[in-house]
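Position one of the sequence shown corresponds to residue -13 (this note's numbering), numbered consecutively onward.
Backbone N, C-alpha and C define an ideal beta-carbon position, used for all residues, glycine too.
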Amino acid sequence: MRLAHKAQVGNVYVNRNIIGAVVGVQPFGGEGMSGTGPKAGGPHYLRRFCAEPAPSTQAMSGLISGVAAPADLNERLAALQTAQVAWAEVELAQRVAVLERTAEELEPGAAAVVRAHALQARHGLAPLALPGPTGESNELRLHGRGVIAVLSDGADVAQLAAALAGALVAGNSVALLGNGRCETLRQQFVAAGLPAAALVVLPVDVAGALLSAPALAGVCVAANDVGLARTVLRRLAQRSGAILPLISAAEAANPRQQYRFAAEQTLTINTAAAGGNAALLAGTH
């Protein structure tokens, strides 16, 4: 179980072969180079075919420029990666509690969306038992992707709070690109119990360098800015390596789309083999 927990792969099979995935039983899909999720045949799959219209605002594509990376950017991202590993180990109930305490200090609109994320996370991010044959257990588990960049330009406080709540409760660390308002929001999360190293505020002019950084695991555009989202998508498509998800403001604001901030892993265990008869699942008994 420790190995399965640490494995950065989409499907883990214990004491059985790795073929024959069944829709709804072993949702299939990898991690990193295999795509952004959600898994084919899983409970979140159909939601990715549903669009939630968002109003377009003035394009902020000028934010994404060819500015050279600051000398300490890689060091700060490495620190965020370390913090993410520790934060992801924190029990889900404790991460939810941080959101609930943060909501107590926010304005009503922001507080409402953070509480909604906390409520959804209690069951939406918890391990989900999937149906399967006798002698086999199947479980869908969601975990943090890594370092998530949140672009704040054009977003109001409620949109920023939604993006941070969704990213953090899923077990990610966050690089928040913004100004003094972002620092105030960061301090409110930290005062509620979030490890300070798990959320940092960076100047907006590092966006271009950040989107090319190998340490990045995903991006959330916190404002309803179609122009910026398209620019970010183009930049992400130019990266080598893993395919990174772009999470829209509409998705961040909708707690039912919270799974977008997480990576999925299916754990399939041949429990019959644990009882000493590995042939049960093969039907040769």
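Please name the residue in the options whose C-alpha comes closest to that of residue i.
i	options	result
V187	V218, V143, I255 and S138	S138
A89	A151, P119 and N210	A151
A203	L66, V133, L128 and L196	V133
L146	P119, V218, G164 and R242	G164
C168	N158, A148, G179 and G157	A148
W73	Q243, G194, G6 and A156	A156
E93	E125, Q174 and G27	Q174
G227	V8, S198 and L111	S198
A65	A259, A239, R242 and N158	N158
R108	G95, Q80 and M(-13)	Q80
H96	D142, V8 and G10	Reading the sequence as shown, one finds Ala at residue 96 and not His. When only C-alpha atoms are compared, the closest one is D142.
R242	A258, R33 and G121	R33
P189	A201, G166 and P200	G166
V136	C36, H129, A161 and Q67	A161
Going by DSSP, which residues form a beta bridge with residue i?
i	result
N(-3)	T252
R127	Q251
V186	A161
I134	V160 and G204
L116	N124
F35	For F35, which the question treats as bridged, DSSP gives no partner whatsoever.
G140	BP columns for G140 are empty, so no partner.
G273	Residue 273 is absent from the structure shown; the chain starts at -13 and stops at 271.
I'd like the list of long-range same chain contacts for residue i, defined as Cβ closer than 8 angstroms, with 5 residues on each side in sequence excluded.
i	result
I4	N(-3)
V176	A182 and L185
S47	A caution first: S47 carries a pLDDT of 43, below 50, which makes its placement in the model unreliable, though a value can still be read off. G213, L214, R216 and T217, listed in sequence order.
Q244	H103, Q106, A107, G110, L111, G152, V155 and A156
T257	G121, E122 and S123
Does DSSP classify residue i as helix, strand or coil?
i	result
V9	coil
A26	strand
E61	helix
E77	coil
G213	helix
E169	helix
L154	helix
L232	strand
G179	coil
L66	helix
A223	helix
E122	strand
Q44	Interpretation of Q44 is limited by its pLDDT of 40, a score under 50 that renders its predicted location unreliable; the figure taken from the coordinates is listed afterwards. Three-state result, Q44: coil.
G110	helix
G95	helix
G194	helix
E86	helix
R2	coil
A199	coil
Please go through the same chain and pick out, in chain order, the residues whose beta-carbon is closer than 6 angstroms to the beta-carbon of residue i, but skip the five residues on each side of it.
i	result
R172	L185 and V187
T22	I229 and P231
A178	V84, R87 and T88
P41	At P41, the pLDDT of 40 sits below 50, so the modelled position is not reliable and the matter cannot be decided from this model.
P113	E125 and R127
G118	V11 and N124
I233	C206 and R246
V0	I255
A7	F14
Closer than 7 angstroms by C-beta to residue i: which residues in its own chain qualify, once you throw out the five before and the five after it? Chain order, please.
i	result
V76	none
R225	S198
A239	V99, Q145 and A148
A69	S159, P181, A183 and A184
L253	A(-10), V(-2), E125 and R127
V9	G27
L78	A107, L111 and A112
Does the pairing of the stretch 208 to 218 with the stretch 90 to 104 give three or more beta-carbon distances under 8 angstroms? Segment contact: the stretch 208 to 218 against the stretch 90 to 104, fewer than three CB-CB distances shorter than 8 angstroms; contact not assigned.
Between the stretch 16 to 24 and the stretch 237 to 256, can you find at least three pairs of beta-carbon atoms closer than 8 angstroms? With the rule of 3 Cβ pairs closer than 8 angstroms, the stretch 237 to 256 counts as touching the stretch 16 to 24.
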